[in-house]
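Asks:
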Amino acid sequence: MANAQSPVESFLAAAAQAAKVILETVEKDGFIHVFSHLDADGVAAAGIMGKTLHRLDARFRVRVTQWVDEKIIDVLVADKPQLLILTDFGSGYLDLLSAKAADFKVLILDHHQVAGETVNNGNFVQVNPHLHGLDGATEVSGSGVAYFVAKNVNAENVDLAPIALVGALGDLQDKNEERKLCGLNQLIVEDAVNAKLVTVEKDLTFFGRETRPIHKALASSTSPFIPGLSGEEDKCLAFLASLDIKLKEGERWRALRDLTEDEKKRFCSALADYLISRGLHAEVANLVGNVYVLNREEPWTPLRDAREFALMLNSTGRMDRPSLGIAICMGDRGAALEEANKVLEDYKKNITTYLSWVMEKPNRLREFEHIYVIYGESFINEKMIGTISSILVSSLENPEKPLLAFANIEKENAAKFSARTTEMALSKGVNLGGVMRVASEKYGGKGGGHNVAAGAQVPIDQVENFIRTVNELVGKQLRGEDVGSANNT
Ligand SMILES: [Mn+2]
53 MANAQSPVES FLAAAAQAAK VILETVEKDG FIHVFSHLDA DGVAAAGIMG KTLHRLDARF
113 RVRVTQWVDE KIIDVLVADK PQLLILTDFG SGYLDLLSAK AADFKVLILD HHQVAGETVN
173 NGNFVQVNPH LHGLDGATEV SGSGVAYFVA KNVNAENVDL APIALVGALG DLQDKNEERK
233 LCGLNQLIVE DAVNAKLVTV EKDLTFFGRE TRPIHKALAS STSPFIPGLS GEEDKCLAFL
293 ASLDIKLKEG ERWRALRDLT EDEKKRFCSA LADYLISRGL HAEVANLVGN VYVLNREEPW
353 TPLRDAREFA LMLNSTGRMD RPSLGIAICM GDRGAALEEA NKVLEDYKKN ITTYLSWVME
413 KPNRLREFEH IYVIYGESFI NEKMIGTISS ILVSSLENPE KPLLAFANIE KENAAKFSAR
473 TTEMALSKGV NLGGVMRVAS EKYGGKGGGH NVAAGAQVPI DQVENFIRTV NELVGKQLRG
533 EDVGSANNT
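Be aware that the sequence shown starts at 53, since it is given in this note's numbering, and climbs by one per residue.
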C-alpha cells in the first residue's frame, strides 16, 4: 500500500467515501435503487441500507434477488436511478456492470472476491474488504460492509450493528476458535456491546436455549448438523432419556438454561461422544462457543439469538418473502414478524425433508476421489441448495473433501451448484471460488465466490463433465498446483 494507512483504516476510508455519495444523492433528492442478495446476509444488508435511507427521508426502493445478470441490470437501469446501490454482491460482476451501467452512479458494497474492472469514469465506488487486504470470507460480511457505510452516513445508525452481526453469522463467519466473530466483525461486536444492544455469552450454541424444550432445541440444531438427531425429535427424546436428564419440571418443559451445571456437562460430553463415534471430530468444537444475544428482543422470539435471527432472514429470502426479512431488520415487530415466524417453520420443515432425502439413498450423495456431490436434481429447490450444502459439509465422513450440491433450474436448462469446503481442505490450499469459475467457464457456464463457499451455474447436459473437472481441480489444489483464481482478470 502506498500510504501509511492500515488495511482497516483504508477500508473504513472507502466506507466513508461511499457514505458521502449517498448523502450527496439524497441532498439532491435523487432516487436510489438498492439491490441485494437473497440470503440472510443480503437481506440484513438490504435492511441496513433501507433503514439508513428511510432515516434520511430519501426516495428509494429495495429489491432482492439470487444473482446479478444482464436482464436484471437492464431492469435496474430502466428505473433511471440517480444512484444504484448493490449490497452483498456486485464485485463478481464488475465487467457486466461496467458495460451496462457505466453512465450511472453505482455503489458496490460487497465482500465477495473481486472479478473484473470497474469503469474508470468516477461513477463507481466499491467498498470491499478484499481491496484492502482483508478477508471477506471471515472478517466482514455484506451487511457488515453496509453497516460501516451506514455508520458514516449517521452515527445514529450504530443501532443497526446487531443486524450486521446477524448477517455475518448467516454467512457462517464464526468459523474461529469458540465460534467468535473476528476482524472487522469484532469492531461491530464492540459497537453493539457498547450500545448495550448485544451481550456475548459462552454457552451451547443451539437455538432456543432459553425458550425451547431441550429435545426440540437439539433436534433443530443444524450447526452442528448431527446425523440421527438433527430433525428427529423422537430420537432426541430417547437420547436425553438415556442420559437421565429430566425433560419436564412438573407440567413445564425444561429449556437448556434450566439444566444444572452437572446435567449440562453430561449432555455436552454425551453429544461429543456421539459426534466422535460418527467420525465428526471437528464438529465437537462447534457445540459450545460465543452466543450473541440481542438484548432488546423478546426472549421467546427467534430474534433473541443472532444465529436464529439469521436463519429467519435466510428463510424469508429462500421462501420468496424477503420483504418480511427486510421489514424486520428495519424494526417491524408486528405483522411482518408474525408472518416470518410461519415462513421460518415451513423452511425448517423443508430442510428436514431435504436432509433425510439426501441421506436415504446412496446415489443421492456420491463420493469422488476429492469431493462429495449431492445430486439434488429436480427434487431439491435450487434456492435451498446452498443451505443444504452448508449444513452437510461438516457432517461427512472424510473431512478433507469439499462438498458440491446441485439442483436443476428447469426453465433455464441449467444446473445450479453450490460448493462448500471444510476447514481441513481449506488449510490444504483448496479455493473453491477459483475452482468453480474455471470449471464452469470450461463448459459454458459461470461461477465464482469465496475460498470456502462458492457457486456456479452450468448447462444441464454438462453436469457430469463439470463434476469431473471440479474433482480434478480440487485434486490439483490439494497437490499445491495453481488452477486459477476466482478473479478472471
Ligand atoms: Mn454475504
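C-beta atoms are modelled at their ideal positions from N, C-alpha and C, and glycine is treated no differently.
As the structure is a prediction and not an experimental result, all values here were calculated from the model.
For the alpha helix (DSSP H) that S375 lies in, which residues bound it at each end?
Replies: Counting from one through the sequence shown, the residue named residue 375 turns up at place 323. Looking at the DSSP string, the run of the alpha helix (DSSP H) that includes S375 is 374 to 381.
Asks: Taking only beta-carbon atoms, is G485 less than 8 Å away from chain C?
Replies: Given the protein chain composition of this structure (a single chain), no chain C is represented.
Asks: For L295, I'd like the list of residues in its chain whose CB is within less than 7 Å of its CB, leaving aside the five on either flank, ordered along the chain.
Replies: Working through the sequence shown from its first residue, we reach residue 295 at position 243. Excluding sequence neighbours, L295 sits near R318, F319, A322.
Asks: From E449, L530, F469, V78, pick the residue whose C-alpha is nearest to that of F458; which is it?
Replies: Residue numbering aside, residue 458 sits at position 406 when the sequence shown is read from its first letter. The shortest Cα separation from F458 among E449, L530, F469, V78 belongs to F469.
Asks: Is DSSP giving T541 helix, strand or coil here?
Replies: For the purposes of this step, residue 541 is taken as residue 489 along the sequence shown, with counting starting at 1. In this predicted model, T541 has a pLDDT of only 41, less than 50, meaning its place in the structure is not dependable; the value taken from the coordinates is given anyway. Coil, per DSSP.
Asks: Can H163 be considered in contact with ligand 2, in the sense that its beta carbon sits closer than 7 Å to one or more heavy atoms?
Replies: By its list of ligands, the structure shown excludes ligand 2, since it contains just ligand 1.
Asks: Please classify A66: does DSSP put it in a helix, a strand, or coil?
Replies: Position 14 of the sequence shown, counted from the first residue, corresponds to residue 66. In this structure, A66 counts as helix in the three-state DSSP scheme.
Asks: Tell me whether the beta-carbon of G235 lies closer than 8 Å to the beta-carbon of L186.
Replies: Position 183 of the sequence shown holds residue 235. Position 134 of the sequence shown holds residue 186. Yes.
Asks: What residues in its chain sit with their C-beta under 8 Å from that of T439, if we drop five residues either side in the sequence?
Replies: Position 387 of the sequence shown, counting from 1, holds the residue named residue 439. Hits under 8 Å: N366, R370, I403.
Asks: Just to confirm, is the Cβ distance from S446 to I426 under 8 Å?
Replies: Your numbering for residue 446 matches position 394 in the sequence shown. Your numbering for residue 426 matches position 374 in the sequence shown. No, the pair does not count as a contact, with Cβ atoms beyond the cut-off.
Asks: From what residue to what residue does the beta strand (DSSP E) around L417 run?
Replies: For the purposes of this step, residue 417 is identified with residue 365 of the sequence shown, where counting begins at 1. Looking at the DSSP string, the run of the beta strand (DSSP E) that includes L417 is 417 to 419.
Asks: Compare the beta carbon distance of L159 and I137 with 8 Å and say whether it is the shorter of the two.
Replies: Along the sequence shown, read from residue 1 onward, the residue named residue 159 stands at position 107. Along the sequence shown, read from residue 1 onward, the residue named residue 137 stands at position 85. For L159 and I137, yes; Cβs fall inside 8 Å.
Asks: Where DSSP assigns a beta bridge to Q509, which residues make up the other side?
Replies: Reading the sequence shown from its first residue, position 457 is the one you call residue 509. Q509 is bridged to K468, K498.
Asks: Less than 7 Å between the CB of H89 and some heavy atom of ligand 1, yes or no?
Replies: As a working mapping, residue 89 is identified with position 37 in the sequence shown. Yes; taking the cut-off as 7 Å, the Cβ of H89 has a heavy atom of ligand 1 nearer than that.
Asks: V482 to N338, Cα distance in whole Å?
Replies: Residue 482 sits at position 430 when you count from the first residue of the sequence shown. Residue 338 sits at position 286 when you count from the first residue of the sequence shown. Between V482 and N338, the C-alpha separation is close to 22 Å.
Asks: Per DSSP, what kind of secondary structure is G188 in: helix, strand or coil?
Replies: One-based indexing of the sequence shown puts residue 188 at position 136. Coil, per DSSP.
Asks: Quick one: complete beta strand (DSSP E) runs, 3+ long, within the segment 101 to 189?
Replies: Within the segment 101 to 189, the complete beta strand (DSSP E) runs of at least 3 residues are 111 to 117, 135 to 139, 158 to 161, 176 to 179.
Asks: Are there any heavy atoms of ligand 1 lying less than 7 Å away from the beta-carbon of D187, as far as the coordinates show?
Replies: Mapped onto the sequence shown, residue 187 falls at position 135. No, ligand 1 has no heavy atom inside 7 Å of this Cβ.
Asks: Check G341 in the structure and name its three-state DSSP category.
Replies: Indexing the sequence shown from 1 puts residue 341 at position 289. G341 falls in the strand class under three-state DSSP.
Asks: Just mark S58 as buried or exposed, buried being the case when its beta carbon has 16 or more other beta carbons within 10 Å.
Replies: Counting from 1 along the sequence shown, the entry for residue 58 is found at position 6. S58 is exposed by the Cβ-count criterion.
Asks: So D255 is in the alpha helix (DSSP H); what residue range does that whole segment cover?
Replies: Numbered from 1 along the sequence shown, position 203 holds the residue referred to as residue 255. Counting along the chain, D255 falls outside any alpha helix (DSSP H), though it belongs to the beta strand (DSSP E) covering 250 to 256.
Asks: Could you give the DSSP three-state label for V460: helix, strand or coil?
Replies: As a working note, residue 460 is residue 408 in the sequence shown. Looking at the sequence itself, residue 460 is Asn, so the reference to Val does not match. The answer is strand: DSSP assigns N460 an E or B state.
Asks: To the nearest angstrom, how far is it from the Cα of V197 to the Cα of G188?
Replies: Here residue 197 is taken as the residue at index 145 of the sequence shown, counted from 1. Here residue 188 is taken as the residue at index 136 of the sequence shown, counted from 1. Looking at the two C-alpha atoms, the distance is approximately 10 Å.
Asks: For my contact list, N342 and K232 are in at a C-beta cut-off of 8 Å; report their separation, rounded to the angstrom.
Replies: One-based indexing of the sequence shown puts residue 342 at position 290. One-based indexing of the sequence shown puts residue 232 at position 180. Confirmed, about 5 Å.
Asks: Cutting at 7 Å between CB atoms, please list the residues of its own chain near M53, excluding the five before and the five after it.
Replies: Taking the first residue of the sequence shown as position 1, residue 53 is located at position 1. For M53, the predicted model reports a pLDDT of 47, less than 50, meaning its position is unreliable and no value from the coordinates is stated.
Asks: Check E349 in the structure and name its three-state DSSP category.
Replies: As a working note, residue 349 is residue 297 in the sequence shown. DSSP places E349 in coil when its eight states are reduced to three.
Asks: Which of the three DSSP states, helix, strand or coil, is assigned to R304?
Replies: Residue numbering aside, residue 304 sits at position 252 when the sequence shown is read from its first letter. DSSP places R304 in strand when its eight states are reduced to three.
Asks: Leaving out five residues on either side along the sequence, give the residues of the same chain with a beta carbon under 8 Å from the beta carbon of W555.
Replies: Since the first residue of the chain shown is 53 and the last is 541, residue 555 is not available in this structure.
Asks: DSSP three-state call for G222: helix, strand or coil?
Replies: For the purposes of this step, residue 222 is taken as the residue at position 170 of the sequence shown. In this structure, G222 counts as helix in the three-state DSSP scheme.
Asks: Please name the residue or residues paired with S88 in a DSSP beta bridge.
Replies: Start at 1 with the first residue of the sequence shown, and residue 88 comes out as number 36. S88 pairs with V116, T139.
Asks: Which of the three DSSP states, helix, strand or coil, is assigned to L289?
Replies: Locating residue 289 in the sequence shown gives position 237, where the first residue counts as 1. L289 falls in the helix class under three-state DSSP.
Asks: Check whether the Cβ of S193 sits closer than 7 Å to any heavy atom of ligand 1, and report yes or no.
Replies: Sequence index remark: in the sequence shown, residue 193 carries index 141 (1-based). Under cutoff, so the answer is yes.
Asks: If you count every other CB in all the chains shown that lies within 10 Å of the CB of G532, and 16 or more means buried, which is it?
Replies: Looking up residue 532 in the sequence shown gives position 480. G532 comes out exposed.
Asks: Spatial neighbours of H518 within its chain, please: C-beta separation below 6 Å, excluding the five flanking residues on both sides.
Replies: For the purposes of this step, residue 518 is identified with residue 466 of the sequence shown, where counting begins at 1. Note that residue 518 is Phe in the sequence shown, not His. Within the same chain, F518 has close Cβ partners A491, Y495, V510.
Asks: Can you tell me whether A56 is helix, strand or coil according to DSSP?
Replies: As a first step, residue 56 is located in the sequence shown; it is residue number 4 there, counting from the start. If DSSP states are grouped into helix, strand and coil, A56 belongs with coil.
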